[in-house]
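Chains as they are written, first to last, in the numbering used here: chain A, 256 to 477; chain B, 256 to 477; chain C, 256 to 477; chain D, 256 to 477.
Where a beta carbon is used, it is the ideal one built from N, C-alpha and C, also for glycine.
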DNA sequence: CATGAATGAGCTTTCATTCAT
DNA sequence: AATGAATGAAAGCTCATTCAT
């Protein structure tokens with residue numbers, strides 16, 4: 256878990272100092288891991304700096320030496336998570352270059368859903384907690400990376416091309432992000448893996464197909 | 256805004272007493288309106304019972320005579336809002352019975368988006384705050400009402416019918432709910448009204464179209 | 256339950272006005288009875304003026320028309336109870352005039368214990384609550400009445416007389432009051448009725464016997 | 256005053272953490288002492304956590320680091336006091352082994368009364384406040400210790416033995432505890448030191464004497 | 001007289017943050 | 001660097017009491 260990127264947009268939430276020694280790195284990681292544990296065990300409301308420090312096996316004082324405030328803790332956890340998410344999606348997108356768009360859509364959805372459902376409870380808690388702190392920065396970062404990767408991928412579709420690719424892409428991603436969240440918010444995340452991932456893929460394919468057709472000839476809706 | 260429904264699932268969050276005098280009714284409404292105002296002005300984190308009471312022009316004691324705890328305030332606001340949302344969607348769905356599914360999809364999306372964008376800031380704040388309190392009850396209630404209304408509508412489509420209607424319907428609604436939220440979370444809600452509502456409609460139509468076709472003869476995707 | 260004596264020492268705790276109408280008397284009694292009910296059901300800590308009014312079937316406003324503050328409620332309950340206690344003991348003492356002191360002691364103890372154990376839970380709650388409000392007035396009143404009645408009784412003992420009667424009497428009564436309370440405080444009030452009343456009587460008889468003997472001839476202890 | 260015993264029965268009222276630094280120990284003691292001071296100065300009703308903290312010269316936060324709630328404060332004071340009381344009585348009982356029971360009774364009463372009258376105001380306030388919080392645990396503990404010590408003592412009386420020693424002992428102690436309290440409740444604690452301790456001793460001696468006689472031959476009362 | 005809505009001082013408790021050791 | 005005792009602002013909530021209706 257590389258917790259030491261400097262990608263944060265809001266400086267106020269950044270970790271206080273860059274650890275150079277092995278001991279510090281371990282401490283920083285322990286604190287982040289403890290944050291997740293507490294989050295999972297007690298929820299956002301009971302996430303206190305003291306409880307995180309205790310679980311990490313350090314003192315509060317030490318915690319504050321690496322994270323200037325409580326929010327930076329949560330910020331860092333999100334940063335890590337979203338970085339991982341973006342990386343995995345980017346990798347898959349790269350792999351799909353040149354394939355038909357149906358496969359691309361399937362791979363995109365499958366990967367995103369897989370990452371989200373691998374640690375269901377953590378996903379859930381991060382969704383919930385996101386409202387309490389401003390994670391717009393890391394989220395936007397992740398989003399842009401995925402948008403870029405996805406658009407680049409679809410541009411190479413063997414059965415393309417698409418008119419208005421960037422609009423299509425943005426729509427697809429917002430739908431993907433939102434729909435997945437919707438299933439988690441409604442406690443229906445288990446349905447995603449079976450029936451509904453397929454439905455989403457199916458929807459994307461129909462959508463892309465119709466967009467492509469329109470580019471050649473016909474059909475208007477709404 | 257009728258704030259006196261008794262539809263709440265969780266009793267703990269229900270309003271404490273039914274106002275019997277005219278004075279009380281005014282007080283109750285003032286408190287709810289003040290809750291929204293404070294939410295808009297200061298955000299969830301700074302929503303304190305005292306600040307709500309002050310803005311409502313009453314004392315804290317009075318507030319607690321009608322709402323047993325801070326959460327019930329937020330709960331009531333949500334209940335009202337979601338009830339209104341469900342009612343508006345239900346009405347539109349009823350109006351669309353017997354029309355072609357493309358019009359249905361367009362009407363559904365348009366109405367939902369319209370309600371959400373009418374009071375952008377309130378929508379946003381309710382999305383954010385939903386994580387901090389358990390509004391699963393009212394949300395589920397609203398969801399079920401819309402699901403029922405929507406499914407009933409699509410069942411009457413002049414150019415139907417659809418195989419697996421209930422799965423289609425659930426997918427469409429989850430996508431709609433999630434995607435709209437996604438635009439709000441990313442501060443892009445203004446894009447919804449112009450370009451992207453149309454894209455969503457277009458996606459739904461393609462999806463429904465492909466589902467229908469499958470029911471007659473061919474084609475599988477994903 | 257005659258709740259309308261004017262014997263209170265502290266004027267602040269007295270009922271606000273003397274009810275002259277039948278309706279008022281009923282109200283006053285209902286309020287006092289409700290006080291006891293609430294005390295029994297919820298304990299002193301949860302005795303609120305509103306809960307008493309509710310249980311009495313009147314409004315808080317009405318309650319305050321008869322009792323100037325919360326303490327006066329409790330004061331009145333105690334006054335009634337202690338008046339009843341004193342009256343019962345006085346009656347028994349009168350009946351015992353001229354009998355041997357062993358019978359007197361037995362009757363005194365038996366009566367006092369009987370009154371206290373008739374409504375165990377109420378006795379307990381009154382003991383507990385006595386610390387939270389100043390009931391010294393009514394208690395002293397009751398005490399003096401019992402002291403007088405008891406001393407007058409022992410003075411007529413057929414197998415008397417006693418030297419230092421007033422000291423003997425005061426000792427016996429303090430022991431009786433205290434010991435009974437002790438059993439209640441330790442949740443052992445059921446033991447009083449069987450074994451321990453007899454022990455107390457036995458102790459009093461031995462004490463009185465030795466005091467009488469001393470008056471004729473010998474013996475000093477401690 | 257060793258405030259750090261772990262004898263509490265009810266875990267909810269136990270002190271929160273064992274102080275590890277010298278600073279903490281001082282703080283804990285200061286808080287307990289302040290509790291007593293406030294109790295003496297303002298009574299139970301005005302004992303607020305803030306006032307205790309202020310008088311102790313620490314912040315409320317600090318107070319709560321050592322005592323989890325207001326009740327635990329009072330609990331600790333009682334625990335200390337009752338532990339001291341039991342210890343002193345135990346010591347005296349041990350010293351009296353083998354002596355005649357009259358001396359035993361005198362020593363028992365004298366010691367108990369002495370402890371209670373040494374800090375009259377504190378005794379009074381602890382009696383009063385005991386109703387507002389559940390100190391049954393510490394009280395029972397103290398009671399059992401004294402019962403054991405007293406019974407063991409009387410068992411060795413040079414002029415014994417007694418039939419039914421355990422009933423005698425229980426009676427004597429309940430009488431002692433109750434009677435002393437009675438004098439305090441009636442604000443007559445000063446009388447205890449002079450006239451009335453002697454009366455109680457005298458009563459116990461007569462009682463024990465009569466009990467002993469019965470064991471050899473004759474006499475029943477009540 | 002009765003009502004009950006309104007009041008608001010005051011209480012307990014939490015927890016992010018600091019800083020002397 | 002690490003510790004953890006101390007801080008205190010700030011929050012949620014209660015309830016005795018008043019007074020317009």
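Where residue i falls, given that 16 or more other Cβ within 10 Å makes a residue buried
i, result
"residue 386 of chain C", "buried"
"residue 316 of chain D", "exposed"
"residue 341 of chain A", "buried"
"residue 424 of chain B", "buried"
"residue 405 of chain D", "buried"
"residue 353 of chain C", "exposed"
"residue 373 of chain B", "exposed"
"residue 296 of chain C", "exposed"
"residue 440 of chain C", "buried"
"residue 335 of chain A", "buried"
"residue 314 of chain C", "exposed"
"residue 367 of chain A", "buried"
"residue 243 of chain D", "The structure shown does not extend to residue 243 of chain D, since chain D is modelled only from 256 through 477, so no value can be given for it."
"residue 443 of chain D", "exposed"
"residue 321 of chain B", "buried"
"residue 356 of chain D", "buried"
Under 8 Å between C-beta atoms of residue i and residue j
i, j, result
"residue 286 of chain C", "residue 337 of chain C", "no"
"residue 447 of chain B", "residue 438 of chain B", "yes"
"residue 290 of chain A", "residue 307 of chain A", "yes"
"residue 282 of chain D", "residue 429 of chain C", "no"
"residue 394 of chain A", "residue 294 of chain A", "no"
"residue 464 of chain A", "residue 360 of chain B", "no"
"residue 407 of chain A", "residue 420 of chain A", "no"
"residue 436 of chain B", "residue 436 of chain A", "yes"
"residue 364 of chain B", "residue 456 of chain B", "yes"
"residue 333 of chain B", "residue 370 of chain B", "no"
Local conformation of residue i per DSSP, three classes
i, result
"residue 385 of chain C", "coil"
"residue 303 of chain B", "coil"
"residue 414 of chain A", "coil"
"residue 354 of chain A", "coil"
"residue 339 of chain B", "helix"
"residue 237 of chain D", "This structure cannot settle anything about residue 237 of chain D, because the visible part of chain D is limited to 256 through 477."
"residue 449 of chain C", "helix"
"residue 288 of chain B", "helix"
"residue 314 of chain D", "coil"
"residue 430 of chain D", "helix"
"residue 322 of chain B", "coil"
"residue 298 of chain B", "coil"
"residue 436 of chain D", "helix"
"residue 457 of chain C", "helix"
"residue 375 of chain D", "helix"
"residue 390 of chain D", "coil"
Nearest-angstrom beta carbon gap, residue j and residue i [assumed within contact, 8 Å]
i, j, result
"residue 427 of chain B", "residue 459 of chain B", "6 Å"
"residue 401 of chain C", "residue 344 of chain C", "5 Å"
"residue 422 of chain B", "residue 292 of chain A", "About 37 Å; that fails the 8 Å criterion."
"residue 299 of chain C", "residue 383 of chain C", "6 Å"
Segment contact flag, the segment 318-329 of chain A with the segment 406-419 of chain A, C-beta cutoff 8 Å, min 3 pairs: With a cut-off of 8 Å, the segment 406-419 of chain A and the segment 318-329 of chain A do not count as touching, because too few Cβ pairs lie within range.
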